[in-house]
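Residue numbers (this note's numbering), protein chains in the order written: chain P, 1 to 172; chain B, 1 to 628; chain L, 1 to 98.
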């Protein structure tokens with residue numbers, strides 16, 4: 001009965017629900033940041049302080065900021081709120097809600113019927129993670145760096161205004 | 001000389017081969033030479049062979065060429081058989097055929113299909129010769145089918161006009177009905193008698209089948225059906241009037257002199273078989289009698305010159321059937337010969353008239369040609385006289401009189417059949433001289449364009465001579481009192497008919513002769529002396545009008561067959577048009593199309609749609625894995 | 001403990017899935033995908049913590065890396081789409097139909 005865990009979990013679930021039901025993009029983003037922060041708390045509680053920190057720094061700090069910038073550039077916000085409202089009519093919720101519920105049910109079933117083997121709570125700190133990362137999973141690290149490189153190059157090209165991609169094709 | 005028998009059918013086939021491949025490229029003169037020359041040489045050979053066979057030694061000659069098929073016990077050969085009957089037929093076919101070919105050189109000279117025409121005509125003569133010279137029923141059937149084919153090709157010669165194609169198809173289909181029955185008859189004969197060689201078969205039949213047995217009757221009846229089809233007798237006579245769509249030389253050759261007489265030849269050749277089936281023989285006579293009256297009455301009201309002659313042919317073949325049914329085999333063959341002479345003469349004359357009047361065929365638009373076309377008029381009159389059996393001077397008189405005399409004593413129906421024949425004689429002369437007087441007398445109604453050339457006139461003259469001189473074949477040549485031709489044929493076709501005696505005989509002949517002359521006289525009154533009588537009769541409404549229309553349509557047989565056979569058949573084919581096997585293949589195509597529609601409906605191009613289905617798929621798979 | 005963490009991750013994942021399917025605006029769809037990625041990462045860490053091994057956290061780091069690259073390119077694409085089609089409606093972008 002870990003109280004911080006439950007409180008953080010409740011906040012996470014609630015704010016995530018808020019994210020997907022907001023009409024205003026900026027509101028949704030803010031709720032998303034809250035959700036990420038609460039997940040970071042959960043991570044800390046279950047004994048992974050390193051990744052909790054990473055969650056805050058990278059996820060909530062970098063990725064969400066990207067989102068905010070794009071929202072600023074595209075100027076979505078109060079202006080398109082009405083449109084979003086129209087698109088989220090109640091009858092559209094039936095299918096996705098049903099599918100998600102079924103999926104959740106299946107997960108719940110799997111998780112509760114197969115016995116969980118817990119070897120007890122242990123805090124796995126950064127040093128351990130680092131050793132594991134750069135010794136056992138070195139190849140993965142190298143691949144991840146290549147992925148990041150591809151991401152950088154792609155993002156630069158796709159995002160540049162007046163690039164050749166924007167000039168040709170498209171209108172046909 | 002007789003060893004050259006195989007050349008007689010071969011020459012026309014060679015002519016056909018040459019013309020069908022090279023005819024279009026030959027100059028017209030060469031094509032005419034090849035086409036007519038092949039028949040001419042065949043005719044010459046026939047004459048020489050005939051002289052050889054009749055004057056020296058054995059009157060029967062068999063020439064085995066090669067064995068055609070060898071399957072189990074079935075070994076029909078390509079073999080030719082020559083006896084008196086086949087000699088007569090061969091001579092008629094080649095000589096009359098040659099004259100008609102000569103005529104056609106002039107008649108068809110402006111036609112583009114000149115080479116093709118002569119190729120088909122040669123092919124026809126070739127097949128007809130195969131038919132009459134065949135040693136076995138299998139080869140005979142080959143010739144039978146071959147002439148049917150050529151008849152189709154020639155009736156529909158001017159194929160650009162669909163009506164001609166329709167007439168050709170009609171001829172082919174109607175004769176096919178008869179041919180199929182005949183084929184079944186041939187199968188029957190082979191199964192039960194074990195051989196198809198005609199002479200052997202007849203001998204075996206006489207030994208194995210008692211007179212009046214069911215097998216004999218069935219076989220004879222089936223063969224009769226084939227003969228009825230080919231010879232355009234009741235009930236398969238509907239094709240012949242429409243077959244006039246072909247060029248006139250075709251009508252002359254096929255539909256008066258040769259092909260339609262194939263049925264008569266068949267019955268005469270297999271007369272022993274028919275003698276074993278008296279009911280069938282009686283049927284032959286009855287069919288003949290009915291046909292000759294019906295066709296004669298139809299001819300009386302026709303307006304197209306060729307249709308009159310067509311119905312006349314049907315009627316005259318009815319006479320031949322009548323004779324065959326009465327057992328007067330030789331008499332029927334005699335009539336066949338004289339009919340070949342005068343009917344082809346009439347057709348060729350009609351062709352000359354049609355051509356001279358620029359393809360006009362309605363007799364009401366013709367007139368006064370007596371003075372303008374004398375070279376056609378006189379032969380035409382001689383031909384009509386022979387057709388009407390004008391006493392003593394014409395060949396037709398002798399042949400028709402011989403048949404009528406034989407019919408009187410034929411069983412219980414004899415007198416009725418004779419009455420039909422005599423009435424037919426009256427009707428015959430009536431319609432034939434109606435034709436003569438309308439076309440050649442009276443005021444001219446259409447202008448004459450062009451001359452009738454010598455190649456057309458010469459055959460007319462020769463045939464006129466034959467139409468008169470043919471009667472010589474009836475003069476008694478020996479002490480038995482029978483005509484020369486009957487004696488000649490007696491080895492093959494002994495007559496089983498009794499002739500009436502003394503006074504009765506004379507009386508019957510006088511009545512028949514009066515009927516013929518009377519018909520001419522009546523026609524004279526109606527069409528020359530007081531034509532207004534005929535006009536008034538034609539205009540009177542009511543029952544006469546109905547009767548006239550009934551006779552004009554050939555006694556409604558066309559309509560009858562249309563409603564009974566043609567329409568149900570077409571409706572039936574419409575129903576099974578989408579046949580069941582097709583459904584299978586169509587179904588496959590139809591199902592794939594449905595699947596295609598279904599699957600392409602899933603490719604909406606919308607991301608959320610795809611995401612939805614991915615999610616659903618994941619859920620389902622997890623469910624399957626977990627809840628197994 | 002692990003079980004509860006995993007349950008939480010499943011719950012967040014389902015919510016994220018619903019968000020992807022329901023929203024029409026591409027940006028919101030990307031946000032929902034981020035939620036799903038986050039939930040997956042949480043599941044890994046919970047499992048790793050349950051077994052007392054650092055492997056779960058290592059995988060989480062990889063997921064984080066991948067999410068970062070993906071967001072960068074995804075948002076660049078969103079910008080392109082906006083420039084070209086003047087709309088962010090996902091249903092409008094259906095030229096691959098059929």
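Glycine included, C-beta positions come from ideal geometry on N, C-alpha and C.
This one's a predicted model, so the numbers in the text were calculated from it and none came from an experiment.
Chain P contact residues for residue i, given Cβ-Cβ distances below 7 Å
i	result
residue 92 (chain L)	The premise fails here: residue 92 (chain L) is roughly 12 Å from chain P at the closest Cβ pair, so nothing lies under 7 Å.
residue 46 (chain L)	46
Chain-ordered neighbours of residue i on chain L, where CB pairs are closer than 7 Å
i	result
residue 137 (chain P)	58
residue 84 (chain P)	25
Residue i burial status per 10 Å Cβ neighbour count (16 or more: buried)
i	result
residue 64 (chain B)	exposed
residue 590 (chain B)	exposed
residue 551 (chain B)	buried
residue 335 (chain B)	buried
residue 197 (chain B)	buried
residue 94 (chain B)	buried
residue 312 (chain B)	buried
residue 17 (chain L)	buried
residue 114 (chain B)	buried
residue 242 (chain B)	buried
residue 78 (chain P)	exposed
residue 38 (chain L)	buried
residue 306 (chain B)	buried
residue 578 (chain B)	exposed
residue 33 (chain P)	buried
residue 295 (chain B)	buried
residue 55 (chain P)	buried
Enclosing beta strand (DSSP E) for residue i [first to last residue]
i	result
residue 232 (chain B)	Careful: residue 232 (chain B) lies outside any beta strand (DSSP E) and carries neither H nor E.
residue 61 (chain B)	61-67
Residue i, enclosing alpha helix (DSSP H) - first and last residue
i	result
residue 82 (chain B)	No alpha helix (DSSP H) holds residue 82 (chain B); the beta strand (DSSP E) holding it covers 77-82.
residue 149 (chain P)	138-159
residue 401 (chain B)	395-408
residue 629 (chain B)	There is no way to answer for residue 629 (chain B), as the model of chain B reaches only from 1 to 628.
residue 6 (chain P)	3-21
residue 584 (chain B)	580-602
residue 82 (chain P)	81-87
residue 174 (chain B)	162-193
residue 278 (chain B)	278-300
residue 562 (chain B)	Where residue 562 (chain B) is concerned, there is no enclosing alpha helix (DSSP H), given that its DSSP letter is neither H nor E.
residue 38 (chain L)	26-51
residue 374 (chain B)	374-387
residue 343 (chain B)	329-356
residue 26 (chain P)	25-45
residue 306 (chain B)	305-326
Within chain L, the residues that residue i reaches when beta carbons sit closer than 9 Å
i	result
residue 88 (chain P)	22, 23, 24
residue 71 (chain P)	27
residue 74 (chain P)	27, 78, 79, 82, 88
Contact list for residue i against chain L, beta-carbon separation under 8 Å
i	result
residue 154 (chain P)	72, 73, 76
residue 81 (chain P)	Here the premise fails: no neighbours, minimum Cβ distance about 11 Å.
Residues that residue i contacts on chain B, provided the C-beta gap is smaller than 7 Å
i	result
residue 86 (chain L)	Per Cβ cutoff of 7 Å: no residues; residue 86 (chain L) is ~18 Å from chain B at best.
Closer than 8 Å at the beta carbon, the chain P residues around residue i
i	result
residue 140 (chain L)	This structure does not reach residue 140 (chain L), given that chain L is present from 1 up to 98, and the question cannot be answered.
Short-range partners of chain P found in the region 611-628 of chain B, where Cβ spacing is below 7 Å: 612, 615, 616, 619, 622, 623, 626
Interface positions of the region 9-21 of chain L facing chain P (Cβ-Cβ less than 9 Å), listed along the chain: 9, 10, 11, 12, 13, 14, 15, 16, 17, 18, 19, 20, 21
Residues of the region 59-77 of chain L with Cβ closer than 7 Å to any Cβ of chain P, in chain order: Residues of the region 59-77 of chain L with a C-beta less than 7 Å from any C-beta of chain P: 60, 61, 62, 64, 65, 66, 67, 68, 69, 71, 72, 73, 75, 76, 77, listed in chain order.
Touching by the beta-carbon criterion (3+ pairs, under 8 Å), the region 31-48 of chain B and the region 122-130 of chain B: yes
Positions along the region 26-37 of chain L whose CB lies within less than 8 Å of some CB in chain P: 27, 28, 30, 31, 32, 34, 35
Proximal residues, the region 94-109 of chain P versus chain B, C-beta separation under 7 Å: Listed in sequence order: 95, 99, 102, 103, 106, 109.
Chain L contacts from the region 41-68 of chain P (Cβ-Cβ distance under 8 Å): 42, 43, 46, 47, 48, 50, 51, 54, 55, 58, 59, 62, 63, 66, 67
Residues within the region 598-610 of chain B neighbouring chain L, beta-carbon criterion of under 7 Å: 600, 603, 604, 605, 606, 607, 608
Residues within the region 13-29 of chain P neighbouring chain L, beta-carbon criterion of under 8 Å: Legend: CB atoms of the region 13-29 of chain P lying less than 8 Å from CB atoms of chain L belong to residues 13, 16, 17, 19, 20, 25, 28, 29.
The region 51-61 of chain L / the region 23-31 of chain P touching (three or more Cβ pairs under 8 Å): In short, these stretches do not touch, since the Cβ pair count stays below three.
The region 331-346 of chain B contacting the region 88-102 of chain B, beta-carbon criterion three pairs below 8 Å: Judged by pairs of C-beta atoms under 8 Å, the region 331-346 of chain B touches the region 88-102 of chain B, as three or more such pairs exist.
At least three beta-carbon pairs within less than 8 Å, the region 415-425 of chain B to the region 358-367 of chain B: no
Inter-stretch contact (C-beta, 8 Å, three-pair minimum) for the region 195-213 of chain B and the region 259-272 of chain B: Cβ pair count under 8 Å is three or more, so yes.
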